[in-house]
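Trainee: Numbering (our numbering), first residue to last: 4 to 246. First the structure, then my questions, so here it is.
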């Protein structure tokens with residue numbers, strides 16, 4: 004049941020019978036990597052099909068659009084809100100206040116456009132099987148990267164989404180989520196393992212920076228961590244021939 008709660012929360016694949024109070028959402032976070040695998044499977048299938056009829060760049064662009072659609076832009080929204088706060092605020096409280104504003108600002112727009120363009124460019128440079136493996140691994144790495152951010156860093160807003168996830172999740176969820184992520188990334192081989200390592204580094208670095216600037220993490224912060232980790236995973240696959 005927790006898996007379907009996670010699937011409903013993180014994607015457009017809703018499960019009405021799995022609706023639960025916000026304070027119970029933390030119980031499902033161990034299944035985030037499994038949701039990433041479901042998402043990655045759909046994206047990989049779409050990418051493989053589009054590769055037969057379109058050149059690499061438009062094919063990658065359509066896959067990235069589908070990526071955003073399937074997730075309702077949830078993590079992209081968090082990325083944009085986070086950068087609006089960082090760019091427009093001068094201290095922790097002012098940055099958090101800006102992040103609560105639902106309107107898209109200049110800094111958020113730049114971050115949003117940048118993330119979409121970088122994902123498209125990286126995917127366009129990954130032909131054939133490499134692209135399929137990257138699409139399988141990146142959503143897993145991104146959703147796993149949120150787990151250490153939830154467990155090892157404080158929340159910035161008492162009662163906020165980040166706080167609910169942190170309080171509602173026993174430490175065993177981190178171990179289970181990590182095992183699921185490792186199993187899901189295994190088919191991608193050494194690049195899959197490297198993508199998880201990159202996600203771990205980016206999660207720790209960004210979480211530490213945001214904690215210093217905001218006083219803790221929020222739900223938007225977790226979205227930003229996910230987006231950075233996904234881009235990092237794609238970059239691992241794109242750079243692998245050069246390593």
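Think of the CB as a built atom: it goes at the ideal place given N, C-alpha and C, for glycine as much as any other residue. This structure is a prediction, so every number in the text was calculated from the model and none was measured.
Whole angstroms are fine: how far does the CA of residue 223 sit from the CA of residue 78?
Mentor: Start at 1 with the first residue of the chain shown, and residue 78 comes out as number 75. Start at 1 with the first residue of the chain shown, and residue 223 comes out as number 220. Rounded to the nearest angstrom, the two C-alpha atoms are 7 Å apart.
Trainee: Distance check for residue 149 and residue 228, CA to CA, integer angstroms please.
Mentor: On the chain shown, position 225 is the one that residue 228 refers to. On the chain shown, position 146 is the one that residue 149 refers to. About 6 Å.
Trainee: Leaving out five residues on either side along the sequence, give the residues of the same chain with a beta carbon under 6 Å from the beta carbon of residue 145.
Mentor: Indexing the chain shown from 1 puts residue 145 at position 142. Only 229, 232, 233 meet the Cβ criterion.
Trainee: Using C-beta distances below 6 Å, list every residue in its chain close to residue 140, excluding the 5 sequence neighbours before and after it, in chain order.
Mentor: To locate residue 140, count along the chain shown from 1; it is residue 137. Answer for residue 140: 188, 191, 195, 198, 236, listed in chain order.
Trainee: Going by other Cβ atoms of all chains shown within 10 Å of its Cβ, with 16 needed for buried, is residue 105 buried or exposed?
Mentor: Translated into positions along the chain shown, residue 105 becomes position 102. So residue 105 counts as exposed.
Trainee: If you run the structure through DSSP and keep just helix, strand and coil, what is residue 57?
Mentor: The residue you call residue 57 lines up with position 54 of the chain shown. Correct three-state label for residue 57: coil.
Trainee: Please classify residue 16 as buried or exposed, where buried requires at least 16 other C-beta atoms within 10 Å of its C-beta.
Mentor: Here residue 16 refers to the residue found at position 13 of the chain shown. So residue 16 ends up on the exposed side.
Trainee: Taking C-alpha atoms, which residue in 120, 70, 94, 155 lies nearest to residue 206?
Mentor: Residue numbering aside, residue 206 sits at position 203 when the chain shown is read from its first letter. Residue 206 has its Cα closest to that of 155, out of 120, 70, 94, 155.
Trainee: Can residue 165 and residue 220 be called in contact, C-beta distance under 8 Å?
Mentor: As a working note, residue 165 is residue 162 in the chain shown. As a working note, residue 220 is residue 217 in the chain shown. Yes.
Trainee: I'd like the list of long-range same chain contacts for residue 82, defined as Cβ closer than 7 Å, with 5 residues on each side in sequence excluded.
Mentor: Taking the first residue of the chain shown as position 1, residue 82 is located at position 79. Closer than 7 Å at Cβ, skipping near neighbours: 114, 115, 118, 226, 227, 230.
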